[in-house]
Every structure is written in structure tokens, then in C-alpha cells.
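Structure first, then comments.
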Amino acid sequence: MAEKPKIPQDDPEALFAAARTEAAQPAPTSLMARIEADALAQLPVPRAYAQAPAATGFAGVLAALGGWPAMGGFATAVLAGFWIGFASPSDLLDAGFALATGEGEAYGLVLPDYLLSDPDEG
Amino acid sequence: MDMRADQTNLDASDEVLLARYGAGDPAAARTLAARLVPRVLALATRLLGGDRAEAEDVAQEAMLRLWRAAPGWRAGEGRVSTWLYRVTVNLCTDRRRRAARREVYPGPEALPEAEDTAPRAAERLAQAQRLTALDAALADLPERQRQAVVLRHIEGLSNPEIAEILDVGVEAVESLTARGKRALTASLAGRREELGYHDG
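Sequence order for the protein chains is X and D. Using our numbering, the first residue of the first sequence is number 1, and each one after it goes up by one. Using our numbering, the first residue of the second sequence is number 123, and each one after it goes up by one.
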């Protein structure tokens, strides 16, 4: 039998390189369209707060109203009280803890500075 | 501070994008999908023996699970990509088990025939042949070795990240990738004999 020269199909590194080239291709647009449709269907849309606030939590209600910056102090307190009444105990603890540790971003909660300062210090 | 509205999604990490999506921002999902889907699709394609249609199904299912997980995702609980890779690997494992019962794997005879001699077509053909050869050799490996080899040598992930995805220790990953690559090399050499490769 004649000598067989080393060819790319023998060499794992060449095959891995081929696979990496393949992996760098963008995904088919049809697949991306289906995935984006799923994302929209699953989107945690801010709904009127009569509908399932427990699912999206305070974040959904807040987003619908324009976020913390839209809140005056009194409106904020009213809203907070409303949510406290609506939320399950675990939601309350989670969101409160997230606010206190500065990770409220994940809940769509961004505290304005005046709420973070100590009122006794002025 | 409300800089969210000013930052582009392109600058944001996967984790921040997922949080934005979880807060109701559909554009964040589009950016995240553009980043993650090609990688998930590539991983699934190699783990499923080159079956693109099955790989697309797996990619869509994995992303669906990500969208559903978004509202409950906690910052600092790990990387989105690691989570998504793990879901993809597990979905592929399930699919292979079901397929094995149906015996649907393409054999070496699935190699494409050379029909067009134009240079770009020749390169495309060579690329297709390499992938087919790789997929056939990967199919010979035990499942964990195949997964470790693909995650390490094609996805380019670190051993600690692979350990997290496969839910094994880092030393186990090192062993799996080393044994897997040796087995792959042996399988390729064996197949060359069996298939009678031509170099013309």
C-alpha cells in the first residue's frame, strides 16, 4: 500500500479549527426570528397593577409609572405601601435586600440619592 | 442614577442584559440572543453529530428556558453563558438518548461528493468534509469526553467553566479532555483507513 500523506481529516487541530470557523458564523435568521418571538412572548411586560404584580413584582409596576425618578416622596410612600401589601413575604425580603445592598438594578429598582442619605445627618 | 436609558445594550454584560429583559426591555433580549445563539447552536451541532435541524431546536429550547428564568435571575449567581451552556449540554444529552433508541446517526457514508471544481466550492467542500470527519470521530467518544473536548477545543472555555457546566471537578475535566483528544486522534486515524481517503 502506498504511503498516505497526513491530511486535514487526520489532524484534530485542523478539524477543531474548522469547527471554530463554523461556530463563528451568525445563526440563521429564521432561527433568530423564532427565538426573538419567544423572547417577546415571555417578556415580563409591566402590566396594570391589577394583573399579577406578584409575577413581575414591584419592577413591573414601577416601570409602568416611569421609574423612581418620576416619584415624588409622597407618591413613593403610597406606592411602596401598596406593593408591600401586595407582595409575598419572600418578594418583599428579596427586593428590600436587593435595594439595601445596591443590587436593585436587577429588579428595575434604582433609588434616588435622597432616599439613600441619612435624614438625621441632613 | 438612571443611566440605563443612556447606555447602549451593546456595552452591557450578559447579566445586565438579562436583568433588563427581566425588567421588560425586549431590545436587551435581541442583543443577548445575537451574542449567545451562535455559540449555543455551534455547541449543539457538534454534540448532536452535525445535525443542524436538531441543533436549532435545542438552541431555541435553551433560549426559551433563559427567557423564562430571567425574572428570577439573581445578580452574582453566576454567568449567563455558563448556565446556558449547561442547559444546552443537558438538552443534547436527552436528544441523543432518544435518538440512540431510534438509531438515527449518519454514518461515514454521509461524506459529501465532489461535484463542483470552483475554488470557493472546493473550500466549502473541504470544510464540510472536515466537519463530517470531526462529527463522526466525536460520535465514537463516550459522552462526557465528547462534551469536554467540544467545550475545551471548539468553544475555547476554561477548565473551571467546563467543570461548572458538566457539574464535575476541574481535575475530572482535565482527564476528560486529555483522554477525549487521544481517543479522537485514534478514531480519526482508524477512520482514514476505513474510508480510504483520497488526496485528489
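Ideal Cβ placement from N, Cα and C applies to all residues, glycine included.
Nearest to leucine 279 of chain D by C-alpha distance, out of X/Asp10, X/Pro44, X/Arg20 and X/Ser30, is X/Arg20.
Under the Cβ criterion (8 Å, minimum of three pairs), the stretch 171-191 of chain D does not count as touching the stretch 269-286 of chain D. Scanning its chain for C-beta atoms nearer than 8 Å, with the 5 sequence neighbours on each side dropped, one finds around aspartate 289 of chain D the residues Arg208, in chain order. By the Cβ neighbour-count rule, leucine 43 of chain X is buried, with 16 or more other Cβ atoms within 10 Å of its own. With the criterion set as a beta carbon lying under 8 Å from some beta carbon of chain X, the members of the stretch 170-190 of chain D are Glu178, Ala181, Gln182, Met185, Leu186, Trp189 and Arg190, in sequence order. For threonine 204 of chain D, the CB contacts under 8 Å within the same chain, skipping 5 residues up- and downstream, are Glu283, Glu286 and Ile287 in chain order.
The CB of alanine 14 of chain X comes closer than 7 Å to the CB of Arg252 in chain D, given here in chain order. With a minimum length of 4 residues, the unbroken runs of alpha helix (DSSP H) contained wholly in the stretch 139-223 of chain D fall at 148-169 and 174-191. Between the C-alpha atoms of alanine 164 of chain D and phenylalanine 16 of chain X there is a straight-line separation of about 12 Å. Serine 309 of chain D and threonine 299 of chain D have their C-alpha atoms spaced approximately 15 Å apart. Look at alanine 243 of chain D: its C-beta is not under 9 Å from any C-beta on chain X. CA-to-CA, the gap between alanine 192 of chain D and alanine 23 of chain X works out to about 25 Å. For the options D/Gly291, D/His275 and D/Leu170, the alpha carbon positioned closest to that of alanine 221 of chain D is the one of D/Leu170.
For isoleucine 276 of chain D, the closest Cβ of chain X is nearer than 9 Å. Among the residues of chain D, those whose CB is under 7 Å from the CB of alanine 19 of chain X are Arg168, Leu253, Leu256 and Ile276, following chain order. Using a Cβ-Cβ cut-off of 9 Å, alanine 145 of chain D counts as an interface residue toward chain X, since at least one Cβ of chain X sits closer than that to its own. The beta carbon of valine 202 of chain D is closer than 6 Å to those of Asp136, Glu137 and Leu140 in its chain, skipping five residues each way along the sequence. Per DSSP, the continuous alpha helix (DSSP H) segment holding alanine 14 of chain X begins and ends at 12-23. For valine 271 of chain D, the enclosing alpha helix (DSSP H) stretches over residues 265-275. In terms of beta-carbon proximity, glutamine 249 of chain D lines the interface with chain X, with at least one pair separated by less than 9 Å. Judged by their CB atoms, arginine 142 of chain D and alanine 39 of chain X are not nearer to each other than the 9 Å cut-off.
Leaving aside the five residues that flank glycine 312 of chain D on each side, none in its chain has a CB nearer than 7 Å to its CB. Chain X has a Cβ within less than 9 Å of the Cβ of valine 159 of chain D. A Cβ-Cβ contact shorter than 9 Å links alanine 181 of chain D with threonine 210 of chain D.
Non-local C-beta neighbours of leucine 213 of chain D in its own chain, meaning closer than 8 Å and more than five positions away in sequence, comprise Ala166, Val180, Glu183 and Ala184, ordered along the chain. Here asparagine 131 of chain D really is in contact with alanine 150 of chain D; their C-beta atoms are around 5 Å apart, less than 8 Å. Threonine 254 of chain D is classed as buried because its beta carbon has at least 16 other beta carbons within 10 Å across all chains shown. Between the alpha carbons of leucine 306 of chain D and leucine 260 of chain D lies a distance of about 7 Å.
Taken through DSSP and simplified to helix, strand or coil, proline 241 of chain D comes out as helix. Below the 8 Å Cβ cutoff, chain X contributes Glu36 and Ala39 as neighbours of arginine 152 of chain D, in chain order. Per DSSP, aspartate 289 of chain D is not a residue of any alpha helix (DSSP H), being assigned neither H nor E.
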